[in-house]
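Here's the structure, in structure tokens; my notes come after.
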Amino acid sequence: MNPMLQTPPVVTPPWWKHGHVWLLIAGPAAVVVAGFATAWIAVSYPDPVVAEDYYRRGVEINKTLAAQDKALMPAVQGRNHAATPPAIGAR
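Under my numbering, residues 191 to 281 are what the sequence shown spells out, in order.
Structural data, given as structure tokens:
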């Protein structure tokens, strides 16, 4: 055997020494960390979805909206009257 014709064995470094591997792992790892952070915030600071006096608040809102409609009634009637053409035989 001629030592000049032999190729040296190829030594590849382990997978964790390649930078692109860590670049691929970084994305999903960041999402997992953000998920745990979000879960911790949600458990630590609960936000009540429905108020305890929701029914009373709803009744008050309905009364307020009805009062606003009554206050605007003359303006709405005037607008509708101005926008409505006269009847054909009313001239």
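Even for Gly, the Cβ is constructed at its ideal location relative to N, Cα and C. Note that the structure is predicted; figures quoted are calculated from it, not measured.
- Per DSSP, L214 is one residue of the alpha helix (DSSP H) stretching across G209 to S234.
- Taking C-alpha positions only, G217 is separated from N252 by approximately 49 Å.
- The C-alpha of P204 is placed about 26 Å away from the C-alpha of V221.
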